[in-house]
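Take a look at the structure set out below.
Protein chains: 4
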Amino acid sequence: MTHLGARLTHIGPGRVHIVLPARPEVTQQHGYVHAGATSAIADSAGGYAALTLFDEDSEVRTVEYKINLLAPAGGDHLEAIGTVLKPGRTLTVCQLEVYGVQGDGARKLVANGQQTLIRVVRPGQ
Amino acid sequence: MTHLGARLTHIGPGRVHIVLPARPEVTQQHGYVHAGATSAIADSAGGYAALTLFDEDSEVRTVEYKINLLAPAGGDHLEAIGTVLKPGRTLTVCQLEVYGVQGDGARKLVANGQQTLIRVVRPGQ
Amino acid sequence: MTHLGARLTHIGPGRVHIVLPARPEVTQQHGYVHAGATSAIADSAGGYAALTLFDEDSEVRTVEYKINLLAPAGGDHLEAIGTVLKPGRTLTVCQLEVYGVQGDGARKLVANGQQTLIRVVRPGQ
Amino acid sequence: MTHLGARLTHIGPGRVHIVLPARPEVTQQHGYVHAGATSAIADSAGGYAALTLFDEDSEVRTVEYKINLLAPAGGDHLEAIGTVLKPGRTLTVCQLEVYGVQGDGARKLVANGQQTLIRVVRPGQ
């Protein structure tokens, strides 16, 4: 995430926001953020959202996700929102949304997904 | 849908509800509705939700869907809700939710999905 | 599955075939098998394929699946093939294929999917 | 892709390979490639595989994909393989595989996915 220039902007129980500025490193020739970066922040937002529900000995790993790229990911920055739909001792399911946000705050849904995560106890604990 | 005993209970712009009573034909030995029937009403709810946004010469076909089966599909009946996330001239994306509803109205999310549909002009028109 | 008229036609380690005759109960007005029935046999084929790898105290449940409906599901019968891509003590991932098969044996891929299953130890054992 | 250090290593009709060396920029503390980079090369491999089937006025865009992360993405490099399952004038469906490859050539499937793409005619043509 650091490599992409993304940062966590909200952490609540079962919900996390990640912001990714539309810097040249993550955009293509038309100024839109690459699908790969869009997906990566969505996946991360879901993972952190799940993590908020577990104790510090737990890690979560993405089992799978599915994402629809709904519109070109334009704007000043992207905001990915991960929301836990169904927490579980073993498996957790999250909804993933990514918005393109303009400098004036106008928002557009650019990607929507769904993700399954597995909780694992950190090795050595 | 008729074969399963399902019926449309709500039709609004971009949103459709389908109810499936938990009859013996669609339940397994534990009284839960089969995953196949749960998925079928979710898929149909999304398809009809998309159809509400198009004129009468249009049909929609499911390109693909993904569904998480979150909990045993128990209750008096299931309610599937299809909601259009992103309409389009060619492709439409819907969110799919299925709730298990008890006789007293208590509801539980039993499945959640995401679906891509394509609009086609009805042959001969 | 019995309700749909489907039957297991091949069971090998990590691979199961299910055949569904195109009877009127599962076809629509154009003679194609409904997407719901196509998906149901795909999901079942994956579940049984996973089950072949575990001992008799184990059950498997579908966590989620994603399916692309590639072509109208026509023919004399459908054949669903579930193949384990990655077995696991907790989670197993399967590939799902459904072919439309003509009376003369000609085959066409009508649906393709991917499925995640979880192994559970049968209650009371 | 350039940003990640990936390169195309095979281009055939309906099939493309992409190799991503496991450089520090794309690996986490345990030496495994990040899920985001794994998914990005899988998505790209499918997109290029579809592109091989169309004329030079066509572009393809990812509509959606689903990916299972099957194992830690370790090895000397990753190889993503995109294969067209079903080409189409409007929509194309691809299978996505990612292997972790050791220095001695040993291979392990680390991710498997499925992708839907739409063909668009390049603006201005």
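Protein chains in written order, with our numbering: chain S, 1 to 125; chain V, 1001 to 1125; chain P, 2001 to 2125; chain A, 3001 to 3125.
Idealized CB from N, CA, C, for every residue including glycine.
With distances taken between CB atoms, is the gap from S/Gly74 to S/Val110 smaller than 9 Å? Here residue 74 of chain S corresponds to residue number 74 of the first sequence, with the count starting at 1. Here residue 110 of chain S corresponds to residue number 110 of the first sequence, with the count starting at 1. It is a contact, given that the beta carbons lie within the stated cut-off.
Kindly identify the DSSP beta-bridge partner or partners of V/Gly1047. Against the second sequence, residue 1047 of chain V aligns to sequence position 47. Partner residues in a beta bridge of V/Gly1047, as assigned by DSSP, do not exist.
Could you pull out every residue in the same chain whose Cβ sits closer than 6 Å to the Cβ of V/Arg1107, ignoring the five residues on either side in sequence? Within the second sequence, the letter at position 107 stands for residue 1107 of chain V. Same-chain partners within the cutoff: Tyr1099, Val1101.
Using 8 Å as the threshold, is the stretch 3111-3125 of chain A in touch with the stretch 3060-3079 of chain A, meaning 3 or more CB pairs across them? In short, these stretches touch, since the Cβ pair count reaches three.
Using a 10 Å radius around the Cβ and a threshold of 16 neighbouring Cβ atoms, would you call A/Glu3064 buried or exposed? For the purposes of this step, residue 3064 of chain A is taken as the residue at position 64 of the fourth sequence. By the neighbour-count rule (16 or more Cβ atoms within 10 Å), A/Glu3064 is buried.
Looking only at its chain, what residues have a beta carbon closer than 6 Å to the beta carbon of P/Gly2046, apart from the 5 residues adjacent to it on each side? Translated into the one-based positions of the third sequence, residue 2046 of chain P becomes position 46. Answer for P/Gly2046: Gly2082, Cys2094, Leu2096, Gln2115, listed in chain order.
Of all Cβ atoms in chain S, is any one closer than 9 Å to the Cβ of A/His3077? Taking the first residue of the fourth sequence as 1, we reach residue 3077 of chain A at position 77. Not closer than 9 Å to any Cβ of chain S, the Cβ of A/His3077 fails to qualify, so no.
Which bits of chain S does A/Asp3043 rub up against, with CB to CB less than 7 Å? Within the fourth sequence, the letter at position 43 stands for residue 3043 of chain A. What A/Asp3043 touches in chain S: Ala35, Gly36.
I'd like the list of long-range same chain contacts for S/Val120, defined as Cβ closer than 8 Å, with 5 residues on each side in sequence excluded. Position 120 of the first sequence holds residue 120 of chain S. Hits under 8 Å: Ser58, Glu59, Val60, Arg61.
Taking 9 Å as the cut-off, decide whether the C-beta atoms of V/Leu1004 and P/Gly2036 are in contact. In the second sequence, counting from the first residue as 1, residue 1004 of chain V sits at position 4. In the third sequence, counting from the first residue as 1, residue 2036 of chain P sits at position 36. Note that the C-beta distance between V/Leu1004 and P/Gly2036 is below 9 Å.
Are V/Leu1043 and P/Ser2039 close, meaning C-beta to C-beta below 9 Å? Looking up residue 1043 of chain V in the second sequence gives position 43. Looking up residue 2039 of chain P in the third sequence gives position 39. The question names Leu, but residue 1043 of chain V is Asp in the sequence shown. In this structure, P/Ser2039 lies closer than 9 Å to V/Asp1043 by Cβ.
Any beta carbon of chain S sitting closer than 9 Å to that of A/Ser3039? Taking the fourth sequence and counting its residues from 1, the one referred to as residue 3039 of chain A is at position 39. Closer than 9 Å to some Cβ of chain S, the Cβ of A/Ser3039 qualifies, so yes.
From which residue to which residue does the beta strand (DSSP E) around P/Gly2100 run? Locating residue 2100 of chain P in the third sequence gives position 100, where the first residue counts as 1. In the DSSP assignment, P/Gly2100 falls within the unbroken beta strand (DSSP E) covering 2091-2101.
Run down chain V in chain order and give the residues with a C-beta less than 8 Å from the C-beta of S/Gln114. Working through the first sequence from its first residue, we reach residue 114 of chain S at position 114. Against chain V, a Cβ distance below 8 Å from S/Gln114 picks out Lys1066, Asn1068, Asn1112, Gly1113, Gln1114.
Buried or exposed for P/Leu2020, going by 16 or more other Cβ atoms inside 10 Å? In the third sequence, counting from the first residue as 1, residue 2020 of chain P sits at position 20. Answer is buried; the Cβ neighbour count reaches 16.
So what's A/Gly3036 in DSSP terms, helix, strand or just coil? Residue numbering aside, residue 3036 of chain A sits at position 36 when the fourth sequence is read from its first letter. Three-state DSSP puts A/Gly3036 in a helix.
Inter-residue spacing [alpha-carbon to alpha-carbon] between S/His77 and S/Ala22: Taking the first residue of the first sequence as 1, we reach residue 77 of chain S at position 77. Taking the first residue of the first sequence as 1, we reach residue 22 of chain S at position 22. Going from the Cα of S/His77 to the Cα of S/Ala22 covers about 5 Å.
Between V/Ile1118 and V/Thr1052, which are expected to be in contact by the criterion C-beta below 8 Å, what is the C-beta distance as a whole number of angstroms? In the second sequence, the residue the question calls residue 1118 of chain V occupies position 118. In the second sequence, the residue the question calls residue 1052 of chain V occupies position 52. Rounded to whole angstroms, the Cβ separation of V/Ile1118 and V/Thr1052 is 16 Å, and the two are not in contact under 8 Å.
Can you say whether S/Thr9 is buried or exposed, counting buried as having 16 or more other CB atoms within 10 angstroms of its CB? Your numbering for residue 9 of chain S matches position 9 in the first sequence. Of the other Cβ atoms in all chains shown, fewer than 16 fall within 10 Å of the Cβ of S/Thr9; this residue is therefore exposed.
Closer than 8 Å, Cβ to any Cβ of chain V: which residues of the stretch 79-112 of chain S, in chain order? Of all residues in the stretch 79-112 of chain S, Leu85, Lys86, Val93, Gln95, Leu109, Asn112 have a Cβ within less than 8 Å of some Cβ in chain V.
Check A/Ala3042 in the structure and name its three-state DSSP category. Along the fourth sequence, read from residue 1 onward, the residue named residue 3042 of chain A stands at position 42. Three-state DSSP puts A/Ala3042 in a helix.
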